[in-house]
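Note that the sequence shown ends on residue 148 in numbering that gives the first Met the number 0; no numbers are left out.
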Amino acid sequence: MSFKLVAQDKSFGLRTGLETNYTGINALLNGVYEINNHTLELGINYNLVDGFSNSPVIGQNFSYSYTLAKRNKLSTFIGFEYRRQKPIKIVNVQLIMYSMGMEYKFTEHITAHSKVGYGVAAERALSSQSFSQSNILTGYFQLGCGYQF
Numbered sequence: 000m001s002f003k004l005v006a007q008d009k010s011f012g013l014r015t016g017l018e019t020n021y022t023g024i025n026a027l028l029n030g031v032y033e034i035n036n037h038t039l040e041l042g043i044n045y046n047l048v049d050g051f052s053n054s055p056v057i058g059q060n061f062s063y064s065y066t067l068a069k070r071n072k073l074s075t076f077i078g079f080e081y082r083r084q085k086p087i088k089i090v091n092v093q094l095i096m097y098s099m100g101m102e103y104k105f106t107e108h109i110t111a112h113s114k115v116g117y118g119v120a121a122e123r124a125l126s127s128q129s130f131s132q133s134n135i136l137t138g139y140f141q142l143g144c145g146y147q148f
């Protein structure tokens with residue numbers, strides 16, 4: 000019995016984006032790790048126009064995607080997105096969404112991408128001794144660019 004080591008195509012990068020979803024308009028900054036056809040993104044989002052409070056809100060985001068097809072400079076992918084924001088002390092908003100998108104590679108290092116998706120927004124609120132949760136169907140649209148090291 001023999002084992003063969005497969006060469007792994009790895010890269011690191013940064014991705015920025017502007018997104019609209021249930022929580023409003025968000026700016027995103029993600030660190031990106033790509034290995035073969037799998038992409039992991041982890042970063043922060045900054046809510047530019049929050050409907051829950053007067054000041055913008057910083058949140059966390061995570062995404063995973065799998066590249067379905069690559070041709071020349073264009074690739075398509077599917078995956079999921081997770082967002083969490085806490086606009087005020089007693090409110091916690093989490094979004095879990097299925098995503099589809101495409102990426103265009105301008106150069107070896109510079110990319111542009113668009114994503115669209117749908118899912119659920121879980122809003123949890125705590126007030127004097129009571130807890131409420133509402134689950135709302137939501138969607139999102141994102142445009143952005145990236146730099147691969």
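The C-beta atom is built at its ideal place from N, Cα and C for all residues, glycine as well.
Cβ-Cβ distance between residue 13 and residue 145 below 8 Å = yes
For residue 44, count neighbouring Cβ atoms within 10 angstroms of its own Cβ and tell me buried if that reaches 16, exposed if not.
-> buried
Please name the residue, chosen from 34, 92, 65, that lies closest to residue 58 on a Cα-to-Cα basis.
-> 92
Per-residue burial, residue 106 [other beta carbons within 10 Å of its own, 16 or more giving buried] = exposed
Can you give me the start and stop residues for the beta strand (DSSP E) that residue 38 sits inside?
-> 37-46
Using the C-alpha atoms, what's the distance from residue 30 back to residue 139?
-> 20 Å
Between which two residues does the beta strand (DSSP E) harbouring residue 15 extend?
-> 9-20
Taking buried to mean at least 16 other C-beta atoms within 10 Å of its own C-beta, is residue 130 buried or exposed?
-> exposed
Since residue 57 sits in a beta bridge, which residues does DSSP pair it with?
-> 45
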